[in-house]
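Here's the structure, in structure tokens; my notes come after.
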Amino acid sequence: MAGRLRNEHILVTGGGRGIGAAIVEKCILEGAEVSFIDLEEEEAKSLLKKLDQDKKLLFVKGNVCSVEDLKRLCDSAREKFGSITGLVNNAGRNSYADPVTMTEQQWEDVFDVDLKAAWLTAREVLPDMITNKRGSIVNIASVHANMTYPSMFPYAAAKSGLVGLTRSMALEVGVHQVRVNALSPGYTETFLVKEFFERNDPSLREKVLDVHPMHRMAEPSEIANCVAFLLSTEASFVTGANWIVDGGLTSRFAG
Ligand SMILES: NC(=O)c1ccc[n+]([C@@H]2O[C@H](COP(=O)([O-])OP(=O)(O)OC[C@H]3O[C@@H](n4cnc5c(N)ncnc54)[C@H](O)[C@@H]3O)[C@@H](O)[C@H]2O)c1
């Protein structure tokens, strides 16, 4: 189905590659105007070239942990396309710290990207959404908010926090007809998953596939399809939810 996001202006964080790039592409396909931010310029530029939609796309290089960068992004985005009607907080990173040796700075670096940035970005777009009585925010959490894996401390804490933030924010802004949901992907074929497997024993990938009911991981586009639904008015009564999109992985326990 195409055209579900016509007349929408969607802001995507970490839109340069992986799940974020698939979300940018899907939103364009569904008729939206899209503004996105990423730390990395090279992959974002390849995406702009691939989509070839100058009139409907805006890229700003920046860091979602920087209030100045977010203001610069939102100012340019509003100048080009008007009020922002949808936000996807997608930028995120893995964490492989040890709870004993981890420094406070390392802790803050993880929580700044995986949790705090979602609030900082929402803070920029909510005033317009509240005034216009229209808006949808989707926070890309993770199945780690429900179950986790050893050696990834404190990723699960940050992603659980993001699901909690989603619930709280949904209650705060629901009266203004602004919806806030989380979407928790399982294993999805991106750089982050490649990095995860590279840090582990090469046989882990096969073991992981073995416990997947569909014996495969998600493609980024399969996550983006669900995000587009949550952004659209088809999801007009969905708020405060955490949608698990994991091919059934967390329905299974050992055995
Ligand atoms: N791939 C998976 O299996 C998986 C599973 C569950 C959740 N997630 C979540 O999905 C989201 C996207 O992950 P992905 O797999 O596409 O990762 P990815 O590393 O391929 O892409 C993440 C993008 O975010 C950008 N980014 C990171 N930090 C940033 C910052 N501070 N400011 C601006 N941009 C920044 C990166 O440059 C990159 O382009 C993340 O929040 C991740 O935690 C991924």
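Residues in the sequence shown are numbered from 1 upward in steps of one, following our numbering. All C-beta atoms in this analysis are idealised placements derived from N, C-alpha and C, irrespective of residue type, glycine included.
The secondary-structure analysis by DSSP pairs residue 243 across a beta bridge with 183. Taking 8 Å as the cut-off, the Cβ atoms of residue 192 and residue 94 count as close. Within its own chain, the residues whose Cβ lies closer than 6 Å to the Cβ of residue 241, once the five positions on either side in sequence are excluded, are 181, listed in chain order.
Scanning its chain for C-beta atoms nearer than 6 Å, with the 5 sequence neighbours on each side dropped, one finds around residue 158 the residues 110, 111, 114, 115, in chain order.
Taken through DSSP and simplified to helix, strand or coil, residue 100 comes out as coil. Distances taken from the Cβ of residue 19 to the heavy atoms of ligand 1 include one shorter than 7 Å.
Put simply, the backbone Cα of residue 67 is about 15 Å away from that of residue 14. Distance check between residue 237 and each of 189, 136, 200, 107 places 136 closest, using alpha-carbon atoms only. Within 7 Å of the C-beta of residue 46 there is not a single heavy atom belonging to ligand 1.
Boundaries of the alpha helix (DSSP H) harbouring residue 191: 191–199, taken from the DSSP string.
No Cβ-Cβ contact shorter than 8 Å links residue 11 with residue 117.
In this model, residue 56 and residue 28 are separated by some 7 Å (Cα to Cα). At a threshold of 7 Å, residue 109 does not count as near ligand 1, since its beta carbon sits no closer than that to any of the ligand's heavy atoms. Setting aside the 5 residues that flank it on each side, residue 130 is surrounded in the same chain by 176, each with a C-beta closer than 6 Å to its C-beta; the list follows chain order. With fewer than 16 other Cβ atoms inside 10 Å of its own Cβ, residue 41 counts as exposed. A contact between stretches requires three or more CB pairs, one per stretch, nearer than 8 Å, and the stretch 140–157 meets this requirement with the stretch 94–107. Residue side-chain check: residue 91 places its Cβ nearer than 7 Å to a non-hydrogen atom of ligand 1.
At least one heavy atom of ligand 1 falls within 7 Å of the beta-carbon of residue 16. The Cβ atoms of residue 124 and residue 70 lie closer than 8 Å to each other.
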